[in-house]
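S.K.: Chains as they are written, first to last, in the working numbering: chain A, 691 to 804; chain B, 7 to 119.
1. Measure from the alpha carbon of residue 738(A) to the alpha carbon of each residue in 695(A), 772(A), 717(A) and 763(A), then state which is nearest.
2. Residue 797(A) versus chain B: which residues are under 8 angstroms apart at the beta carbon?
3. How do the segment 16-27 of chain B and the segment 709-717 of chain A stand: do at least 3 beta-carbon pairs fall below 8 angstroms, yes or no?
4. Output the distance between the C-alpha atoms of residue 88(B) and residue 117(B), rounded to the nearest integer angstrom.
5. Among 60(B), 69(B) and 22(B), which has the Cα closest to the Cα of residue 51(B)?
6. Since residue 712(A) sits in a beta bridge, which residues does DSSP pair it with?
7. Please look up how many angstroms separate the CB atoms of residue 702(A) and residue 802(A), rounded, as I've assumed it's under 8 angstroms.
8. How big is the Cα-Cα spacing for residue 698(A) and residue 735(A)?
9. Please state if the CB of residue 106(B) and the CB of residue 36(B) are separated by a distance shorter than 7 angstroms.
10. Going by DSSP in three states, residue 51(B) sits in which element: helix, strand or coil?
11. Between residue 769(A) and chain B, is any beta-carbon pair separated by less than 7 angstroms?
12. Is there a C-beta anywhere in chain B that falls below 7 angstroms from the one on residue 700(A)?
13. Output yes or no for whether 7 angstroms exceeds the beta carbon distance between residue 8(B) and residue 34(B).
14. Out of 695(A), 795(A) and 721(A), which one is the CA nearest neighbour of residue 103(B)?
15. Any C-beta of chain A sitting closer than 7 angstroms to the C-beta of residue 109(B)?
16. If you follow the beta strand (DSSP E) that residue 758(A) is part of, which residue opens it and which one closes it?
17. Compare the beta carbon distance of residue 784(A) and residue 793(A) with 7 angstroms and say whether it is the shorter of the two.
18. Considering just the uninterrupted stretch of the beta strand (DSSP E) at residue 19(B), what are its terminal residues?
19. Would residue 30(B) pass as a contact of residue 77(B) if the rule is Cβ separation under 7 angstroms?
20. Are the beta-carbon atoms of residue 715(A) and residue 797(A) separated by less than 7 angstroms?
Next comes the structure, spelled out in structure tokens:
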């Protein structure tokens with residue numbers, strides 16, 4: 691079944707640790723996105739990719755980095771986690787232009803940095 | 007800079023009543039999206055509105071788009087408890103064939119039995 695997956699779903703970690711949030715999609719989409727969402731607030735785009743080896747920073751500045759080595763995989767890394775990174779991180783993917791370009795979202799990773 | 011505003015931010019309404027959520031945006035858009043988010047969950051796509059005058063309906067929800075007024079509405083008819091959620095509108099802007107979404111602040115809807 692075509693879907694978008696994120697792991698872990700919940701992560702509680704200490705300050706200074708390196709973490710990687712995984713995002714994979716089996717929908718064959720070329721475009722992938724990372725959003726950050728604080729509880730009850732709007733989503734802010736932090737990274738996006740239009741294809742393999744393509745990554746761009748989004749509208750909200752973030753200390754995280756991303757990579758896109760495979761079409762289906764778009765991991766997000768924080769080299770040194772801080773309490774200010776506590777948030778929900780949502781991954782999304784969409785098709786190429788010519789379609790609705792609707793973005794489909796994964797279940798999210800809720801990150802807490804102590 | 008594109009700004010997207012929703013109102014109201016919070017809405018409590020009784021079952022069986024009708025209400026409308028408004029989404030205003032500051033510059034021209036290419037597409038307008040409505041998403042639903044349940045507490046602690048991800049976003050579920052509800053509607054994609056592609057052009058001026060577009061109207062889409064699914065069950066008790068109906069969305070419309072007026073690009074001249076830069077306004078989209080999400081109308082709820084005869085609300086039921088299952089519709090309690092946060093609703094986001096998002097404006098899509100295309101640049102060199104690639105679209106980016108800017109989300110509204112969200113409307114937290116609570117349906118009271």
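Virtual Cβ for every residue (Gly too), placed ideally from N, Cα, C.
All of these numbers come straight from a predicted model, not from anything done at the bench.
M.R.: Per the coordinate set shown:
1. Selection 695(A), 772(A), 717(A) and 763(A) evaluated against residue 738(A) yields 763(A) as nearest (Cα-Cα).
2. Per Cβ cutoff of 8 angstroms: 47 and 48.
3. no
4. 8 angstroms
5. Taking each of 60(B), 69(B) and 22(B) in turn and checking the Cα distance to residue 51(B), the smallest one comes out for 69(B).
6. 697(A)
7. The pair is a contact, with the Cβ atoms about 5 angstroms apart (cut-off 8 angstroms).
8. Taking the straight line joining both Cα atoms gives about 20 angstroms.
9. no
10. strand
11. no
12. no
13. Cβ distance not < 7 angstroms, so residue 8(B) and residue 34(B) don't count as in contact.
14. 721(A)
15. yes
16. Premise fails: residue 758(A) is in no beta strand (DSSP E) and is neither H nor E.
17. yes
18. Segment 16-20, the beta strand (DSSP E) holding residue 19(B).
19. yes
20. no
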